[in-house]
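There are 2 protein chains.
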Amino acid sequence: MRKIVRINMTDLTCKEEDIRNEYKYLGARGLTSAIVAFEVRPKCDPFSAENKVIFAPGLLAGTSAPCSGRISIGGKSPLTGTIKEANAGGTAAQLLAQYGISALVIEGKPVSGRLRSRASVMERGTYIVKISEEGVELIRDDQIKKLGNYELVDQLRKKYGPNISCITIGPAGENGMLSATIAVTDPQGRPTRHAGRGGLGAVLGAKRVKGIVIESKNVKKVTLKESKRFMESANLLAKLLKEHPVTGKALPTYGSNILANVINAVGAYPTRNFSEGRFEGIKNISGEKQREVILKRGGKIKRTCSDGCPIACSRTYVDRFGKYLTKGPEYETIWAHGANCGIDNMDTIAQIDRLCDDYGMDTIEIGGAIAVVMEAGTLQFGDEKAAIRLAKEAGEATSLLGRIIGNGAKVTGEILNVQRVPVVKGQSLPGYDPRAAKGIGVTYATSTMGADHTAGYATAVNLLKLGGFVNPLRKEGQAKLSKKLQILTTALDSVGMCLFVIFCILDQPEAMQAIIDMVNARFGLTFGLREITELGEKVLKIERQFNLKAGIGHSQDRLPDFFVKEKLPPHNVVFDVSGKELQKVSQLQI
Amino acid sequence: MRKIVRINMTDLTCKEEDIRNEYKYLGARGLTSAIVAFEVRPKCDPFSAENKVIFAPGLLAGTSAPCSGRISIGGKSPLTGTIKEANAGGTAAQLLAQYGISALVIEGKPVSGRLRSRASVMERGTYIVKISEEGVELIRDDQIKKLGNYELVDQLRKKYGPNISCITIGPAGENGMLSATIAVTDPQGRPTRHAGRGGLGAVLGAKRVKGIVIESKNVKKVTLKESKRFMESANLLAKLLKEHPVTGKALPTYGSNILANVINAVGAYPTRNFSEGRFEGIKNISGEKQREVILKRGGKIKRTCSDGCPIACSRTYVDRFGKYLTKGPEYETIWAHGANCGIDNMDTIAQIDRLCDDYGMDTIEIGGAIAVVMEAGTLQFGDEKAAIRLAKEAGEATSLLGRIIGNGAKVTGEILNVQRVPVVKGQSLPGYDPRAAKGIGVTYATSTMGADHTAGYATAVNLLKLGGFVNPLRKEGQAKLSKKLQILTTALDSVGMCLFVIFCILDQPEAMQAIIDMVNARFGLTFGLREITELGEKVLKIERQFNLKAGIGHSQDRLPDFFVKEKLPPHNVVFDVSGKELQKVSQLQI
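Residue numbers (my numbering), protein chains in the order written: chain S, 1 to 590; chain A, 591 to 1180.
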């Protein structure tokens, strides 16, 4: 029985409803985007009662399908003004699915006369949503107000038992910061997996929901229409993932940061606020180096971020004394707080990662904002102590500069009068320079989500040469590549798969077929690749339509001018995919 | 001979050209908007070399036509992202016209490798444009860098003689503040008349032009095709203006702030960041009170801001010791720093007016931003000392809060997490609450310029009942009224008339005819009311087209949600003109 649970924060009620026909075979991003598009007024203030935050596991969550444990979180983004889906690993998606919950919708907002500020609403009560075999419950708990995610999940475990999964926000969300994330606990119960982008944590904060606690007692596996066929496909996918050099070897051995050396070598590793494509300090912050440090100090590699993942690219990072500090910081984090800020000290980056996880802030957005502060000359590139201090100030929201950074790179550039601000639709660019990796540049410009590498990871083809090759330095073919990947990714996001399966899929079409077969076996359907592609297109169109109604059209599908005008060393290339081609990608017409 | 003078700041050259056919009978706003629309890439970064700042006197400037001394200043606004025309009085327009200059275009920008910040460009040189009978000259003068407008014009007079007219920017423009104005000296040589809205001062600052000096030696009156007919019309207009109760009595006697009591009485006087429609301290900041204070202390009333104006609504405000402090602050300034901030002390407001004039900041934007700081609870409404301090900090750009405020209300709200931020297209609303004065609400929402009362002053009909009456509290008829006034105003702005003639025109169609007759007599044309109306429509369409290409379409033609949702006391009304009607106004189809 798939159902939707709605928590109404206006009248503080919970109710369950059967999933409507129009939402029936939608999951994860497909479902969050459909609910946002059909139920949220596109022009609404993202912090108003009209916005919703939707949590949706994928179509295969709660089963033993490999890599199916992503949770999609959707809403209207206060950072980009667009529709937003950000997904995370962790243990919540599997549990939600096992409770039969296709979507948990947090809607409304406590009524008040006049809301003087977003921050002040938290003063009137802090709530936890509890999901257990007894049902869904809304519990007021003002004691947990403004706790960091780590302390918060510790306290929640003390109250609700050791075997819970938690979805939480840190102080950044309560403070209304546009970089605020929503954290999901990993299999070790730590709040390390974040739906990072677009500030949805602040939307949840405005609704005064500090967390969702999901009990794991007495949950049952999801029932399958055809379990034998399902298991065959699941085993096949697991096998293919194990055999592929990226998902079977590189990622488990080194983690996502294996990319650092690769991207740096091809000259697409954005250094010092996207002014160079290679970083001289790369050897100190590479994936290889991270592995070495972790193993030497007694940290762990090959951990899963979500149960039942055969890739296991997660790690735990320990300090010099062998004490747990944070999960192994991922590629984007190491880049954003490393090369992008001119910093080559892994311990410094790990400290900032821990701070961001604890305060609940997007590491890409915070790294982007700190680099803009450095660009302004307010502090020097490479100033590690200042970077740590600024991340703290952003999290605490005590200083004005902290508030500025916590609201992201765009506003930081506005206040400090910096011209070179690498954002699209207000969201910071991830760690691939669009001039030397033009395919991902097309994705940044045209994604329905603002600058988002996960929306169409052209780097896999441009730089890793998986499933073909399109020269990253030339404009030819990039539009087509990005469009194709955006559709495929949207489909995978809507099934609720971890994006990393794409490395395998690009090389092995059987892997894609195995995923489709699992969906069919789960629901008794007969989808083929065509139906799945159509699903991707349909969801993208729903999202695009929402954005258009929100006033965000093709004119905003572009990179900041400096990528077009300023040559990136060492290849001395600019971003030259034409506006016309970008428009065609947005309209899925190339 | 009408000509265009171009100052190219990329190669530091000046050149003159005959006016092209397409610009032939365009003046003031008509000409600045046409040049922006035809020559500036709509999507360009407003601080880049691609943007231009255009200074254009009106079609009647340089003649003895009453109220013809406005100077239009145009460009792409860094505050709103739209096309922008802001006009000011002062003595510059008449002189430019007498030199035969229809438009002075500042274009390009000194070339540099990588511009780290907008502010830093000023470090590489500061320039003055000098216009005299010897021609146009570009002079480097680094000594004047970061001078306040008052000290700057004093120094310019010492260097270039006592009889110059100056167009200047203060430190706010050099610091790239989005509230930065461009000042024009009044007949007393003081920098009190500002093209205030939209941050064009910062665009000029990015081009490193600190000022334009215009010598008044040996200038000749503009030649007229039919001088007898011209003088008859000029005399008729002057007579009608003298006879009208608003332009002949109220404005010269009390200044623009005569409106304060009127707008407050009808409950449309925005108080404490647009939360109430009446201010309890009104008697201390009314136009009547201002006159009393000025006369008692030996200040002056009935001054002209521009030569040959028969209205003479300007004043000089002196301190308790009879010493000149600032020009008599206008209605918008007194409201923005008075009622809107809960302040009822005229001396405090006059001090802030002086600071804003000196630093070169828009009083509406700065007042709007300070009110948002008060809304955030960072300081209390009514805190006079803090308001003065914040205006200083914004002007000096030394503190972060100063930088935030100096960049306007929108960004202030973003950083301080305030939901109630009264802006349209990023520009602060002027002093008429759109809920109790719905006609001007339609103008705020639909103007090509962002929230701008001067773009279609429906208050004249809604509240002053000039030329008819449309009930300000009801939505019926407001769209039509605003559209009609936007067209009429654009025509008047394009002739280069002071907007205040509209009070007379609405009651006396002969006044409009007299203006048209003067244009005809000046150029030997045969325009009628239809041609002038078509001119207004044409210019509006050119502007709208630019905005659409810049990515700013109808979806942004709306007021912030709180005007729609929150009732304004005392009439407890909301803004309820429909989005459909607003769209029709934008498209000039109602």
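Quick reminder that beta carbons are idealized off the backbone N, C-alpha and C, glycines included.
Remember, predicted model here, so these are calculated numbers, not experimental data.
Could you please give the first and the last residue of the uninterrupted beta strand (DSSP E) stretch that includes residue i?
i, result
"Ser-906 (chain A)", "The question names Ser, but residue 906 (chain A) in the sequence shown is Thr. Here the beta strand (DSSP E) through Thr-906 (chain A) covers 904–908."
"Ile-552 (chain S)", "That residue, Ile-552 (chain S), is in no beta strand (DSSP E); it is neither H nor E in DSSP."
"Phe-55 (chain S)", "53–57"
"Thr-326 (chain S)", "324–327"
"Glu-805 (chain A)", "799–805"
"Asp-70 (chain S)", "Note that residue 70 (chain S) corresponds to Arg in the displayed sequence, not to Asp. Arg-70 (chain S) -> no beta strand (DSSP E), and no H or E assigned at all."
Applying the 10 Å Cβ sphere with the 16-neighbour rule, what's the burial state of residue i?
i, result
"Glu-414 (chain S)", "buried"
"Leu-295 (chain S)", "exposed"
"Gly-62 (chain S)", "buried"
"Val-711 (chain A)", "Here Val-711 (chain A) scores only 44 on pLDDT, less than 50, and its place in the model is too uncertain to base an answer on."
"Lys-674 (chain A)", "buried"
"Asp-943 (chain A)", "buried"
"Leu-529 (chain S)", "exposed"
"Gly-888 (chain A)", "exposed"
"Lys-580 (chain S)", "exposed"
Using 8 angstroms for Cβ pairs, my map puts residue i next to residue j. What's the rounded Cβ distance?
i, j, result
"Gly-75 (chain S)", "Val-111 (chain S)", "Not a contact, Cβ separation roughly 20 angstroms."
"Gln-1017 (chain A)", "Gly-788 (chain A)", "7 angstroms"
"Lys-1073 (chain A)", "Ile-939 (chain A)", "That pair is no contact at about 34 angstroms."
"Arg-592 (chain A)", "Ala-618 (chain A)", "The Cβ separation is near 13 angstroms, so there is no contact."
"Val-421 (chain S)", "Ala-445 (chain S)", "Incorrect: roughly 15 angstroms between the Cβ atoms, too far for contact."
Where do the ends of the alpha helix (DSSP H) carrying residue i lie?
i, result
"Leu-12 (chain S)", "No alpha helix (DSSP H) contains Leu-12 (chain S), which DSSP labels as neither H nor E."
"Cys-946 (chain A)", "936–949"
"Asn-677 (chain A)", "Counting along the chain, Asn-677 (chain A) falls outside any alpha helix (DSSP H), though it belongs to the beta strand (DSSP E) covering 673–678."
"Thr-398 (chain S)", "Thr-398 (chain S) -> no alpha helix (DSSP H), and no H or E assigned at all."
"Gly-368 (chain S)", "363–375"
"Ile-611 (chain S)", "Because chain S is modelled from 1 through 590, residue 611 (chain S) falls outside the range shown and cannot be assessed."
"Ser-482 (chain S)", "478–495"
With a cut-off of 8 angstroms, does the C-beta of residue i fall near any C-beta of chain S?
i, result
"Glu-955 (chain A)", "no"
"Lys-633 (chain A)", "yes"
"Arg-704 (chain A)", "Low per-residue confidence applies at Arg-704 (chain A): pLDDT is 48, beneath 50, and the placement is therefore not dependable enough to give any value."
"Glu-1004 (chain A)", "yes"
"Ser-667 (chain A)", "no"
"Phe-1117 (chain A)", "no"
"Asn-641 (chain A)", "no"
"Val-695 (chain A)", "no"
"Ser-638 (chain A)", "yes"
"Asn-765 (chain A)", "yes"
"Thr-603 (chain A)", "no"
"Val-1001 (chain A)", "yes"
Return no unless some Cβ of chain A is closer than 8 angstroms to the Cβ of residue i.
i, result
"Ser-555 (chain S)", "yes"
"Ser-117 (chain S)", "Residue placement at Ser-117 (chain S) is poorly supported in this model, since its pLDDT is 48, which falls under 50; the coordinates are not used for a value here."
"Gln-380 (chain S)", "no"
"Gly-551 (chain S)", "yes"
"Leu-204 (chain S)", "no"
"Met-122 (chain S)", "In this prediction, Met-122 (chain S) has a pLDDT of 42, which is less than 50 and means its spatial position is unreliable; nothing more can be read from the coordinates."
"Leu-400 (chain S)", "yes"
"Ser-586 (chain S)", "no"
"Asp-576 (chain S)", "no"
"Val-423 (chain S)", "no"
"Ile-532 (chain S)", "no"
"Arg-278 (chain S)", "no"
"Ile-83 (chain S)", "no"
Taking 8 angstroms as the CB-CB cut-off, is residue i touching chain C?
i, result
"Asp-1151 (chain A)", "Structure shown: chain C not included; protein chains present are S and A."
Counting pairs of Cβ atoms below 8 angstroms between the segment 150–167 of chain S and the segment 312–328 of chain S, do you hit three or more?
Between the segment 150–167 of chain S and the segment 312–328 of chain S, the count of C-beta pairs closer than 8 angstroms stays below three; the two stretches do not touch.
Specify whether the segment 1029–1041 of chain A and the segment 994–1004 of chain A touch according to this definition: at least 3 beta carbon pairs, one from each stretch, less than 8 angstroms apart.
No, because fewer than three Cβ pairs between the segment 1029–1041 of chain A and the segment 994–1004 of chain A fall closer than 8 angstroms, the two stretches do not touch.
When the Cβ atoms of the segment 133–150 of chain S are set against those of the segment 367–385 of chain S, are three or more pairs found closer than 8 angstroms?
The segment 133–150 of chain S is not in contact with the segment 367–385 of chain S.
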